[in-house]
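Novice: Next up is a structure, given as C-alpha cells.
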Amino acid sequence: MVSWFRRKKPDAPERAAEATQPDVSTAPAASDSRMAVQAAPAAPELEAPAGHAPREPAAAAAGKLGWMQRIGKLLNTDVAELIGRNPVLDDDLLDEIETALITADVGVTASTELTEKLRKRMKAREFADARALLKALRAELVAMLAPVAKPLEIDTSRRPFVILTVGVNGVGKTTTIGKLARRYKDEGRSLMLAAGDTFRAAAVAQLQAWGERNGVAVVAQGQDADPASVAFDALQAAKARGTEVLIADTAGRLHTQQGLMAELGKIRRVLGKLDAEAPHEVLMVIDGTTGQNAISQLRQFNAAVNVTGLVVTKLDGTAKGGVVFALAREFGIPIRYAGIGERPEDLRVFDAEAFVDAMLPESLGG
Numbered sequence: 001m002v003s004w005f006r007r008k009k010p011d012a013p014e015r016a017a018e019a020t021q022p023d024v025s026t027a028p029a030a031s032d033s034r035m036a037v038q039a040a041p042a043a044p045e046l047e048a049p050a051g052h053a054p055r056e057p058a059a060a061a062a063g064k065l066g067w068m069q070r071i072g073k074l075l076n077t078d079v080a081e082l083i084g085r086n087p088v089l090d091d092d093l094l095d096e097i098e099t100a101l102i103t104a105d106v107g108v109t110a111s112t113e114l115t116e117k118l119r120k121r122m123k124a125r126e127f128a129d130a131r132a133l134l135k136a137l138r139a140e141l142v143a144m145l146a147p148v149a150k151p152l153e154i155d156t157s158r159r160p161f162v163i164l165t166v167g168v169n170g171v172g173k174t175t176t177i178g179k180l181a182r183r184y185k186d187e188g189r190s191l192m193l194a195a196g197d198t199f200r201a202a203a204v205a206q207l208q209a210w211g212e213r214n215g216v217a218v219v220a221q222g223q224d225a226d227p228a229s230v231a232f233d234a235l236q237a238a239k240a241r242g243t244e245v246l247i248a249d250t251a252g253r254l255h256t257q258q259g260l261m262a263e264l265g266k267i268r269r270v271l272g273k274l275d276a277e278a279p280h281e282v283l284m285v286i287d288g289t290t291g292q293n294a295i296s297q298l299r300q301f302n303a304a305v306n307v308t309g310l311v312v313t314k315l316d317g318t319a320k321g322g323v324v325f326a327l328a329r330e331f332g333i334p335i336r337y338a339g340i341g342e343r344p345e346d347l348r349v350f351d352a353e354a355f356v357d358a359m360l361p362e363s364l365g366g
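Residue 1 is where the sequence shown starts when you use UniProt numbering, and the numbers rise one by one after that.
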C-alpha cells in the first residue's frame, strides 16, 4: 500500500536545422535560438538509496488518509445516502448504485457490467445485507483497477531512460514533469529535462523554474523551435553526461489536430536515431475532470505514439475521477501516477486499493 539516461551526432534529415554541440557549462540567453542547456544550480548532494529503491515523500506517510482527504467525496455521499434509504437488498438499490457510478464517470458499459454481476450474486443470496453488497462492490472496483496499477520502473540499463510526456492542452504536463523531477531527484537519480513545448514561451520558463528548484539541467531552444530538434539535442546531451533519466515535454495539442499529432510521431522517429528503443516510456497526462472525453483522447494519442503509461491529474475535488475505471477497461494501459493536489508530494504512485478506499470507504457514514 502506498503511504502517501558520446558519440558523433548522426544526420537527422527531419530536423529543421542541425543544432551545434551545446556547451553544457553555460546557459545562453533565452533569446538565443540555438540549443541551451541550463546548467543545474548548485544543490546539496543527495545520497542515493541502495539500488534506487523508490520511496514515497514524507508527506505521503498518511497513505490512505491522504487520498481520502482529497477525493473522498467522489462516491461516499451518494452511497451513504443509498444505505440510509435502501437498507434492504433489491433491484432499486442496484439501479441507484449504477446511477451513482455513471455520474462519477465510471462509464455506462462498465457500470452496467458491474451492477449486473452484483445482481446475479444478489439473486444467488450471496449478500446478507446492503453493506455486504457494497463490500462486494468495492472488491469489484479494486479488481478493475488492479491490473493497471503498475508503477513506472526506471530501467537503469537504459541510460538515459527516456520519458516522453504527451497530452492535450491544460492537463498539467509541465507541472507533472516538475513533480516527477522532484521525485526522481529525491530518489538520488541524475536527470535532465527537455523543454519541448516550444509554442509557449511560458512553458519553457516554467520548466526551467522547476529545473532550478530541483537542481536539474534543462535543455531548451528558442520559441517556435522544432520540438523534435529539442528532443534530439537533449538526448545527445544526456548521453554525453551519462544521465539516468531524460524527461521530454511536448506542447499540448487537441487529439483532433492531425498535423500536430503527426509531429509526435516525428519526435519518436528522431529520438530513435540516437537510441533505437527511445522513448522508453510514453507517458500521457490526462485531466481527471474531463470525464468520458478522456477515452477519445487516449485512443488518438495511443494510435499516434503508442502510449505506455498514464498520469491522471486533478483528481482532487472532482466528481468525474471515475473515468480511471473506463480507461482501465477500454485500454488496459498502466496508470503510473495520480495527481491529488498541488504539492509535489501529491503526485502519488497509483494504488488501486487506496483509490477505491477514497471513493468508497469501508466505513460508510459521510
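Cβ coordinates follow ideal geometry from the N, Cα and C atoms, glycine included.
Taking its Cβ as the centre, do 16 or more other Cβ atoms sit within 10 Å of Leu254, making it buried, or is it exposed?
Specialist: By the 10 Å Cβ count, Leu254 comes out exposed.
Novice: How many Å lie between Arg299 and Met261 at the Cα?
Specialist: Roughly 12 Å between the two C-alpha positions.
Novice: Helix, strand or coil for Ala132 per DSSP?
Specialist: Helix.
Novice: Report the option in Gly196, Gly272 and Val148 whose CA atom is closest to the CA atom of residue 377.
Specialist: As displayed, the chain neither begins before 1 nor continues past 366, which places residue 377 out of reach and without an answer.
Novice: Quick one: what's got a C-beta closer than 7 Å to Val305's C-beta in the same chain, skipping five residues either side?
Specialist: Closer than 7 Å at Cβ, skipping near neighbours: Val166, Leu264, Gly265, Arg268 and Val282.
Novice: In three-state DSSP terms, what is Leu152?
Specialist: Coil at Leu152, not helix or strand.
Novice: Between the alpha carbons of Ala100 and Asp249, how many angstroms are there, rounded?
Specialist: Approximately 36 Å, taken between the alpha carbons.
Novice: Should Lys314 be labelled buried (16 or more other beta-carbon atoms within 10 Å of its own) or exposed?
Specialist: Buried: at least 16 other Cβ atoms inside 10 Å.
Novice: Where does Thr174 land, buried or exposed, given buried means 16+ other C-beta within 10 angstroms?
Specialist: Burial call: buried.
Novice: List the endpoints of the continuous alpha helix (DSSP H) containing Thr165.
Specialist: That residue, Thr165, is in no alpha helix (DSSP H); its beta strand (DSSP E) goes Phe161 to Val166.
Novice: Residue 367 and Leu180 look like a contact to me (Cβ under 8 Å); what is the Cβ gap, rounded to whole Å?
Specialist: Residue 367 is absent from the model: the chain starts at 1 and stops at 366.
Novice: I need the boundaries of the alpha helix (DSSP H) containing Gly339, first residue and last residue.
Specialist: Taken as a continuous stretch (DSSP letters only), Gly339 belongs to no alpha helix (DSSP H), being part of the beta strand (DSSP E) at Ile335 to Gly339.
Novice: Does the Cβ of Val106 have 16 or more other Cβ atoms within 10 Å, making it buried, or fewer, making it exposed?
Specialist: It is buried - the Cβ of Val106 has at least 16 other Cβ atoms within 10 Å.
Novice: Per DSSP, which one or two residues make a beta bridge with Asp90?
Specialist: None, per the DSSP bridge assignment.
Novice: Excluding sequence positions up to five away, which residues of its chain have a Cβ less than 7 Å from the Cβ of Glu277?
Specialist: Excluding sequence neighbours, Glu277 sits near Arg158.
Novice: Please classify Asn214: is it buried, with 16 or more other beta-carbons within 10 angstroms of its beta-carbon, or exposed?
Specialist: It counts as buried.
Novice: Is Arg158 helix, strand or coil by DSSP?
Specialist: It is coil, neither helix nor strand.
Novice: Which one or two residues does DSSP pair with Arg348 in a beta bridge?
Specialist: DSSP output for Arg348 lists Ala338 as bridge partner(s).
Novice: To the nearest angstrom, how far is it from the Cα of Leu82 to the Cα of Glu353?
Specialist: Cα to Cα, the separation comes out at about 22 Å.
Novice: With a floor of 3 residues, list each beta strand (DSSP E) that falls wholly inside the stretch 176 to 240, ordered by position along the chain.
Specialist: With a minimum length of 3 residues, the continuous beta strand (DSSP E) runs that stay inside the stretch 176 to 240 are 191 to 194 and 217 to 220.
Novice: Among all the DSSP beta bridges, which residues are the ones paired with residue 386?
Specialist: Because the chain here runs from 1 to 366, residue 386 falls outside it and cannot be looked at.
Novice: Measuring CA to CA, which of Gly252, Val216, Ser190 and Ala139 is closest to Phe199?
Specialist: For the residues Gly252, Val216, Ser190 and Ala139, the minimum Cα distance to Phe199 belongs to Gly252.
Novice: Candidates Val171, Asp357, His280 and Leu327: which alpha carbon is nearest residue 410's?
Specialist: Because residue 410 is not part of the residues shown, which for the chain are 1 to 366, the question remains open.
Novice: Just to check my reading of the structure: Asp316 and Gly332 have Cβ atoms closer than 8 Å, yes? What is that Cβ distance to the nearest angstrom?
Specialist: 25 Å between Cβ atoms; not a contact.
Novice: Apply the 10 Å Cβ neighbour rule to Thr115 and answer buried if 16 or more other Cβ atoms are within range, or exposed otherwise.
Specialist: Classification for Thr115: buried.
Novice: Is the stretch 282 to 295 touching the stretch 225 to 233, taking contact as three or more C-beta pairs under 8 Å?
Specialist: They do not touch, by the three-pair rule.
Novice: Give me the residue from Leu207, Ala195, Ala110 and Val216 with the minimum Cα distance to Asp186.
Specialist: For Asp186, the nearest C-alpha among the options comes from Val216.
Novice: Roughly how many angstroms separate the alpha carbons of Ala130 and Val171, rounded to a whole number?
Specialist: When rounded, the distance between both Cα atoms is 38 Å.
Novice: DSSP puts Ile267 in a beta bridge; with which residues?
Specialist: According to DSSP, Ile267 bridges with nothing at all.
Novice: Starting from Ile247, follow its DSSP beta bridges and name the residues at the other end.
Specialist: Answer is Ile163 and Leu193, bridged to Ile247.
Novice: What does DSSP give as the partner residues of Glu281 in its beta bridges?
Specialist: Paired residue(s): Ile163.
Novice: Taking just the CA atoms, how far does Asn169 sit from Val218?
Specialist: If you take the alpha carbons of Val218 and Asn169, they lie about 21 Å apart.
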